[in-house]
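The structure under discussion appears below in the form of structure tokens.
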Amino acid sequence: MASKKIDINKASVEDFEKVNGIGLRKAKAIIKYRKSFGGFSTVKDLSSVPGVGDCIVEQSRTQLTCSNRKRKAVRTPKVKDNVCKEQPSSSGLSARSIRHNQRALFKSTGEHVDDGNSIVSHEGHMSEEESGDEVMFREEDRSNAQHKSRIPIPVNGLFSSHVMKRKGHVVKEEPDSSPGKKFCRDGDYQSTFVNLQKSSRQNLIATQRMRIPSKEHPPDKLAEWLQIFQNWGNAERLMALDELITFCDPTQVRHMMQVIEPQFQRDFISLLPKELALYVLSFLEPKSLLKAAQTCRYWRVLAEDNLLWREKCREESIDDNLVYGINRLRRRHTSRCPWKSLYMRQHQIELNWRTGEIPGPKLLKGHDDHVITCLEFCGTRIVSGSDDNTLKVWSAITGKCLRTLVGHTGGVWSSQMSNSVVISGSTDRTLKVWNADTGQCIHTLYGHSSTVRCMHLHKNVVVSGSRDATLRVWDIDSGACLHVLMGHVAAVRCVQYDGRRVVSGAYDYMVKVWDPETETCLHTLQGHTNRVYSLQFDGIHIVSGSLDTSIRVWDVEAGNCLHTLIGHQSLTSGLELKDNILVSGNADSTVKVWDITTGQCLQTLQGPNKHSSAVTCLQFNKKFVITSSDDGTVKIWDLKTGDFIRNLVALDSGGSGGVVWRVRCSNTKLVCAVGSRNGTEETKLHVLDFDVDEKKCLY
-6 MASKKIDINK
4 ASVEDFEKVN
14 GIGLRKAKAI
24 IKYRKSFGGF
34 STVKDLSSVP
44 GVGDCIVEQS
54 RTQLTCSNRK
64 RKAVRTPKVK
74 DNVCKEQPSS
84 SGLSARSIRH
94 NQRALFKSTG
104 EHVDDGNSIV
114 SHEGHMSEEE
124 SGDEVMFREE
134 DRSNAQHKSR
144 IPIPVNGLFS
154 SHVMKRKGHV
164 VKEEPDSSPG
174 KKFCRDGDYQ
184 STFVNLQKSS
194 RQNLIATQRM
204 RIPSKEHPPD
214 KLAEWLQIFQ
224 NWGNAERLMA
234 LDELITFCDP
244 TQVRHMMQVI
254 EPQFQRDFIS
264 LLPKELALYV
274 LSFLEPKSLL
284 KAAQTCRYWR
294 VLAEDNLLWR
304 EKCREESIDD
314 NLVYGINRLR
324 RRHTSRCPWK
334 SLYMRQHQIE
344 LNWRTGEIPG
354 PKLLKGHDDH
364 VITCLEFCGT
374 RIVSGSDDNT
384 LKVWSAITGK
394 CLRTLVGHTG
404 GVWSSQMSNS
414 VVISGSTDRT
424 LKVWNADTGQ
434 CIHTLYGHSS
444 TVRCMHLHKN
454 VVVSGSRDAT
464 LRVWDIDSGA
474 CLHVLMGHVA
484 AVRCVQYDGR
494 RVVSGAYDYM
504 VKVWDPETET
514 CLHTLQGHTN
524 RVYSLQFDGI
534 HIVSGSLDTS
544 IRVWDVEAGN
554 CLHTLIGHQS
564 LTSGLELKDN
574 ILVSGNADST
584 VKVWDITTGQ
594 CLQTLQGPNK
604 HSSAVTCLQF
614 NKKFVITSSD
624 DGTVKIWDLK
634 TGDFIRNLVA
644 LDSGGSGGVV
654 WRVRCSNTKL
664 VCAVGSRNGT
674 EETKLHVLDF
684 DVDEKKCLY
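So that you can map any letter, position 577 of the sequence shown is 570 in the numbering used here, and since no number is skipped, the others follow by simple counting.
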């Protein structure tokens, strides 16, 4: 059944609110307008109401209707002596007869008839002042009644001054106070009344036209006012606008906003040449670019430009090797914007590390209850060395042990790996070069007279440090010892090599800088007051950590100390340096982030979620810091804020003997070497994969 149409001359505010496009504000404006101008002639007149345009009227036309306009009651003017003379009626008339004649007169004229006390509506019904069949007249003060002029009531074409009394009383005829006056003729009265009616209608129409200006009928002097405004300068115009706004009510201010706002909502990006538009968008963050792509089709084309996303990837140091590793077959070549897909994949990987569900670890068991002393992770291979005299090669994908490297006669305490080449150092005083693919020992390097405690590989050259206080430089392709560096007077504990300079730290409290080609010591860096346990070297700066709780930053060329970093309370066992950002792990259970150019401590990773025992190992990138500890946990932290994110590993035996000895990370995987010193935790490797699930990948 079709819904009932709403009469715009009778509808209430609630009725108008039900119409599409008309809210509470517009409904009130329509009611106010209707009261001011006496109603509407057609539905189209609604468009004259401020805020209601032609669009809303056309959209809602099927819901609206317009009845005959309700006109305001027009009071009948008092008839003067020269128009119609009042004379008492010779016959007594009842109230019913008077009312009957009033209705007859209304039907013939279509106007309201007012006797000064009651109003007859345009529908032929009496007003609220009548009761039953009798007319209730307003009572006048009796003392003043005889001095007031009575408004004549038309009865059978004549005017009668009969006064009706309340119900139960009879009509009493009063003699005319002006004897000798004559009755006006019926025709004269009707003619006068019709003229008044026509005049009232014309005045109403003229008033409406005057109050509703339009382009066809602008207000008087508008053109003159605009001409004055046009002749003014900018300052005068601004002042005039300020003053004009102060005179406007909220409705007019809102109207100005509706007109002005669209002028500033221009799609300037679409108006620019594509090169300039892309240059503008290049300043947006990737998150903002993704939102801009949802604006419109053209913005999406621009926001998914492949070169634009290539620059975003370069800013974040994202490339194929980082995201896909060596398995490049997984790359989606069908993507319209491969660099965007690469960025989005990396973003999802970071979310997996930060908030994703922690995957169930692969458990790699093989060293029995021995300690895992060294750990390497390259590509899809993991190499673990143990004090059981062996190294094992594992698949990071399947978790299977691919082969066991057997040959050392003592515990393995140091190792390095590059692609399929593995170098190991042992308590048997030798180094061995292995092929990880075949498990074959390529070379055995003899020369040291004590345990090979540390080494560093650069291309095909490895530098080893031993407890015999010497360093040796080896060619791993030929197995030859190229150089021997002597100068330390105690065991060499750490070494770094960048292809040009060798830097070593020893238990003699010294840090030395060597030229391996000439086998000369260029600088002896003195300052530590206890054993040096850790080193980092980026070709410009040397960072050394010592048992004296301090960390020192040195200039490699000048050999002087640039900064002494104070803050830790015990042995600094682990250091990582990237792009002048240093992360240090200490036996005091804290981790600190430093800027080595200023010597400032940027963050201290502590708080209620900090490690409860010594930090054993750490890794970091531009977003995260990953730390392991003797408390049996591996934690991830936010590098920039220093906030704790969550535990990635928490051993059940943590706190009662379970230890995480080493950690190694790639972009998508975490490898942890765990065990215990009292047999409470089985020795094994945990491998966690945070890569994107291809089945759930949406980019």
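Positions of the beta carbon are idealized from the N, C-alpha and C atoms, including for glycine.
State whether the stretch 343 to 353 contacts the stretch 668 to 685, with contact taken as three or more CB pairs (one from each stretch) at a distance under 8 Å.
yes
Can you name, in chain order, every residue of its own chain whose Cβ lies under 8 Å from the Cβ of H248, other than the five neighbours on each side?
P43, G44
Could you pull out every residue in the same chain whose Cβ sits closer than 6 Å to the Cβ of S84, ignoring the five residues on either side in sequence?
Note on S84: pLDDT 41, under 50, position unreliable in the model; no value is reported.
Rounded straight-line distance, which links the Cα of L237 to that of S153
Any reading at S153 needs caution, since the residue's pLDDT is 40, under 50, leaving its predicted position unreliable; the model's value is listed next. Cα to Cα, the separation comes out at about 57 Å.
May I have the straight-line CA-CA distance separating A270 from E308, to the nearest angstrom?
20 Å
Rounded to a whole number of angstroms, what is the C-alpha to C-alpha distance between H162 and K11?
Because H162 sits at a pLDDT of 44, beneath the cut-off of 50, its placement in the model cannot be relied upon, and the following sentence gives the value as read from the coordinates. Their Cα atoms are separated by approximately 51 Å.
Could you say which of L344, K3, S669, D213 lies nearest to D624 if we only look at CA atoms?
Comparing Cα-Cα distances from D624 to each of L344, K3, S669, D213, the minimum goes to S669.
To the nearest angstrom, how far is it from the Cα of V667 to the Cα of N602?
20 Å
Would you kindly work out how many angstroms separate the C-alpha atoms of K31 and S40, rounded to a whole number?
A quick correction: the sequence has Gly, not Lys, at residue 31. Straight-line Cα distance between these residues: approximately 16 Å.
Between which two residues does the beta strand (DSSP E) containing Y272 stretch?
Secondary structure note for Y272: it is in no beta strand (DSSP E), and the uninterrupted alpha helix (DSSP H) holding it is 267 to 274.
Simplified DSSP assignment, three categories, for Q562:
Coil.
Residues near G400 by beta carbon distance below 7 Å, same chain, minus five either side:
K425, C434
Rank N523, L368, E297 by C-alpha distance to the C-alpha of S334 and give the top, closest one.
E297
Identify the continuous alpha helix (DSSP H) that holds H248 and give its terminal residues.
243 to 257
Among all the DSSP beta bridges, which residues are the ones paired with V655?
The identity of residue 655 in the sequence shown is Arg, whereas the question assumes Val. In the DSSP output, where bridge partners are listed per residue, R655 has A666.
According to DSSP, simplified to helix, strand and coil, what is Y490?
It is a strand residue.
For the alpha helix (DSSP H) containing M448, list its first residue and its last residue.
That residue, M448, is in no alpha helix (DSSP H); its beta strand (DSSP E) goes 445 to 451.
According to DSSP, is Y26 part of a helix, a strand, or is it coil?
Helix, per DSSP.
Taking 8 Å as the threshold, find out whether the stretch 519 to 536 comes into contact with the stretch 566 to 580 through three or more Cβ pairs.
yes
Please report the Cβ distance between S605 and S577, rounded to the nearest whole angstrom; I am assuming they are in contact, meaning their Cβ atoms lie under 8 Å.
No, S605 and S577 are not in contact; Cβ-Cβ is about 18 Å, not under 8 Å.
Is it buried or exposed, D470, if we count other Cβ atoms within 10 angstroms and call 16 or more buried?
exposed
Y291, buried or exposed, once every other Cβ within 10 Å from all chains shown has been counted against 16:
exposed
What does DSSP give as the partner residue(s) for I535 in the beta ladder?
F530, W547
Any chance you could list the beta strand (DSSP E) runs of at least 3 consecutive residues sitting entirely within the stretch 340 to 419, in chain order?
355 to 357, 365 to 371, 374 to 379, 383 to 388, 394 to 399, 405 to 411, 414 to 419
Does DSSP classify W630 as helix, strand or coil?
strand
My output table needs one value for N227: the three-state DSSP class, helix, strand or coil.
helix
Closest to T366 by C-alpha separation, out of M337, I15, R655, would be which residue?
R655
Considering only residues of the same chain and omitting the five flanking positions on each side of A233, which have a CB-CB separation below 8 Å?
Counting only residues of its own chain and dropping the five nearest sequence neighbours on each side, A233 has a CB closer than 8 Å to the CB of F222, W225.
Tell me the residue span of the beta strand (DSSP E) that contains I311.
Note, I311: premise wrong, no beta strand (DSSP E); not H, not E.
Find the nearest neighbour of L558 within the set G672, N314, G592, D541, judged by alpha-carbon distance.
Of the listed residues, the one whose Cα sits closest to L558 is G592.
Buried versus exposed call for Q339 [16 or more other C-beta atoms within 10 Å across all chains shown]
buried
Please report the distance separating the alpha-carbon of I262 from that of W302.
18 Å
Which value, in whole angstroms, describes the spacing of the CA atoms of I253 and C289?
23 Å
Below 8 Å between beta carbons: does that hold for S379 and H363?
Yes, these two residues count as a Cβ contact at 8 Å.
Please say whether A429 and V376 have beta carbons closer to each other than 8 Å?
yes
Could you tell me the distance, in whole angstroms, from the CA atom of R422 to the CA atom of H441?
Across the structure, R422 and H441 are spaced so that their CA atoms are roughly 6 Å apart.
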